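Enquirer: I'd like to ask you about the structure that follows.
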Amino acid sequence: MADLAGDIAKVAIRISKQPLIKPLVDIPRMMKITQEMTRISLEAYVNEAPEQVDCLIEFDHEVDDLYNQVLSELVVLMMVDSQTIKQATQLLFVARFLERIADHATNVGEAVYFMVRGERKDLNQ
């Protein structure tokens, strides 16, 4: 997760001096959900509370849907205006990194469930 967060920071530095090619709406939403997923999974780990991780399923679906939406929008933008390709590609990386962090948070939740209950639970349904 930390490596992916570092990669997001590098992208932010790379594009920080450029005007945005479109208002960022879905990427910040992905970030907030991913942050919450990480908090929930780590809190469940610390408290050995597998009952806290069930909500990660819905959050993960939400992040996946937002990722697909961002991907579609940015691909269309790149097809319409080739000048946007460089920044759009960087934004796609950010969206992908957030989606991966959400997956890792889900994996932590599954590990908590197994650690406490001794049963496997698939939160990536």
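Under my numbering, the residue at position 22 of the sequence shown is numbered 97, and the numbers go up by one with no gaps.
Glycine included, every Cβ here is placed at the ideal spot set by N, Cα and C.
Predicted model only: the values in this text are computed from it and were never measured.
Report the option in Arg104, Tyr120, Glu123 whose CA atom is closest to the CA atom of Val169.
Expert: Of the listed residues, the one whose Cα sits closest to Val169 is Arg104.
Enquirer: Which residues in the same chain as Met106 place their Cβ atom closer than 8 Å to its Cβ, once the five residues preceding and following it in sequence are excluded?
Expert: Leu173
Enquirer: Please state whether DSSP places Glu148 in a helix, a strand or coil.
Expert: helix
Enquirer: Smallest Cα separation from Leu201: which of Tyr188, Ala180, Val86?
Expert: This structure cannot speak to residue 201, because the chain is shown only from 76 to 200.
Enquirer: Could you check whether Asn199 and Asp140 sit closer than 8 Å to each other, using their CB atoms as the reference points?
Expert: Not in contact: Asp140 and Asn199 (Cβ atoms no closer than 8 Å).
Enquirer: I need the DSSP call for Ala124, collapsed to helix, strand or coil.
Expert: coil
Enquirer: Write down every uninterrupted run of the beta strand (DSSP E) in the stretch 144-189 whose length is 3 residues or greater and which is fully enclosed by it, in chain order.
Expert: The qualifying runs do not exist here; there are none.
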